[in-house]
Amino acid sequence: MYSLLLFVILADFLREVCAISDVDIVPRDAWGARPPYMIEAMANPVPYVVIHHSYIPPACNTTEDCMQAMRSMQDYHQLNHSWNDIGYSFAVGGDGRAYMGRGWDRVGAHAPKFNDKSIGICIIGDWSADLPPERQLKVTQDLIEMGVRDGAIQKDYILLGHKQTKKKGATECPGDRLFEEIQTWPNWQNEALPDGKKETFD
Ligand SMILES: [Zn+2]
840 MYSLLLFVIL ADFLREVCAI SDVDIVPRDA WGARPPYMIE AMANPVPYVV
890 IHHSYIPPAC NTTEDCMQAM RSMQDYHQLN HSWNDIGYSF AVGGDGRAYM
940 GRGWDRVGAH APKFNDKSIG ICIIGDWSAD LPPERQLKVT QDLIEMGVRD
990 GAIQKDYILL GHKQTKKKGA TECPGDRLFE EIQTWPNWQN EALPDGKKET
1040 FD
């Protein structure tokens, strides 16, 4: 009787933990990251999550292709823009894995004015007309939940699409179709309110 009760409690516990702990984060070494030029520490938990699409490189469906996409984004950001590292905190591939960019506790380079108070997640692909595959969306949501659970993201965080952090029309990111999708996600907000103040981004 007691062992049955214990089993039920344990099964419940495992279900809760597993629901958000199964994000497979590919470490930087595994995808062949170059070291950052410089590291800027970020204070956690952060109040924002900013969603991006890569546009280029296109969607990747195998781990090999997604690793290649990570290297090409890091090349572009470090070698063409002279940024410290790949700009995003994380990227999520069509292979259903999350890739470590700058991670939870380093300032990124993906949305000026928000870089030091947000986790920037790039959903690899061009999502202007098409929706990313279900598992790519699910992993992105699980990653956000994991960040909240582990204290990297505030519980009452605000979810934004990249275009919401810029002047109207300045970027299409994260693509029309994906932008539509994230508006149905928890904590999405219509307006960006950095530090509780309304910003006009002029
Ligand atoms: Zn973007």
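Count along the sequence shown from 1, then add 839; that gives the number in the working numbering.
Beta carbons are placed, not taken as given, at the ideal position from N, Cα and C, and that holds for glycine.
- Taken in chain order, the complete beta strand (DSSP E) segments of 3 or more residues contained in the segment 954-1041 are 957-962 and 992-1000.
- Here DSSP, grouped into helix, strand and coil, assigns His916 to helix.
- With a cutoff of 8 Å on beta-carbon distance, Ile963 and Pro896 are scored as near each other.
- Looking only at Leu976, Pro972, Arg945 and Arg988, the smallest Cα-Cα distance to Met881 is reached by Arg945.
- Judged by their CB atoms, Met939 and Phe929 are nearer to each other than the 8 Å cut-off.
- Scanning the segment 889-939 from its first residue to its last, the whole alpha helix (DSSP H) runs of 4-plus residues come out as 902-914.
- In chain order, the residues with a C-beta atom nearer than 5 Å to some heavy atom of ligand 1 are His891, His1001 and Cys1012.
- Around the CB of Glu1020, 16 or more other CB atoms lie within 10 Å, so the residue is classed as buried.
- For the pair of segments examined, the segment 915-926 was found to touch the segment 864-876: the number of CB pairs separated by less than 8 Å reaches three.
- Using a C-beta cut-off of 8 Å, the segment 982-1000 makes no contact with the segment 912-919, since fewer than three inter-stretch Cβ pairs fall below that distance.
- Inter-residue distance for Trp870 and Met906 is about 5 Å (C-alpha atoms, whole angstroms).
- Between the alpha carbons of Gly933 and Tyr894 lies a gap of roughly 14 Å.
- Here Gln1022 is exposed: its Cβ has fewer than 16 other Cβ atoms, across all protein chains shown, within 10 Å.
- The beta carbons of Ile960 and Tyr927 sit about 7 Å from each other, so the pair counts as a contact at 8 Å.
- For Asp861, there is no enclosing alpha helix (DSSP H), as DSSP gives it neither H nor E.
- The beta-carbon separation of Asn1026 and Leu998, rounded to 5 Å, stays under the 8 Å limit for a contact.
- Apart from sequence neighbours up to five positions away, the residues of its chain that approach Trp1024 with a beta-carbon distance below 7 Å are Gln980 and Leu998, ordered along the chain.
- Annotation for Arg867: the continuous alpha helix (DSSP H) segment containing it runs Arg867 to Trp870.
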